[in-house]
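Participant: The numbering of the sequence shown is my numbering, which starts it at 128 and goes up by one.
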Amino acid sequence: MTDASPPWDDFQREMLDALGHVVFRVHNADAIEDTPLTQAIARAAKTDLAALPKLPPLAQLRTPAAKRALWPQLRALRKAARR
């Protein structure tokens with residue numbers, strides 16, 4: 128869900144609150160953060176950001192072990208993009 132269009136307006140939130148309901152905001156936790164690093168990974172994989180597999184936290188991606196583990200996944204994505 129984007130921040131552009133909230134699902135409830137002020138009146139609806141007030142009525143839901145009066146009925147005892149709690150209004151939660153949906154946040155897509157699986158979405159990959161759009162950063163220069165993730166954009167570079169998407170370019171290397173020849174795919175868009177949404178098609179990338181779930182990545183570890185960005186700080187962890189900068190470690191040599193994480194980079195070595197990421198390359199087989201990138202090669203598989205590039206191979207799938209050629210088909």
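Where is the CB? At the ideal position from N, CA and C, for every residue including glycine.
Are Ala145 and Thr174 close, meaning C-beta to C-beta below 7 Å?
Facilitator: no
Participant: From Gln187 to Ala193, what distance separates their C-alpha atoms?
Facilitator: When rounded, the distance between both Cα atoms is 7 Å.
Participant: Helix, strand or coil for Lys194? Go by DSSP, reduced to three states.
Facilitator: helix
Participant: Taking Leu143 and Ala171 to be in contact with their CB atoms under 8 Å, please state how far apart those CB atoms are, rounded to whole angstroms.
Facilitator: Between Ala171 and Leu143 the Cβ distance is about 46 Å, and since that is not below 8 Å, they are no contact.
Participant: According to the Cβ coordinates, are Ala167 and Leu176 closer than 7 Å?
Facilitator: no
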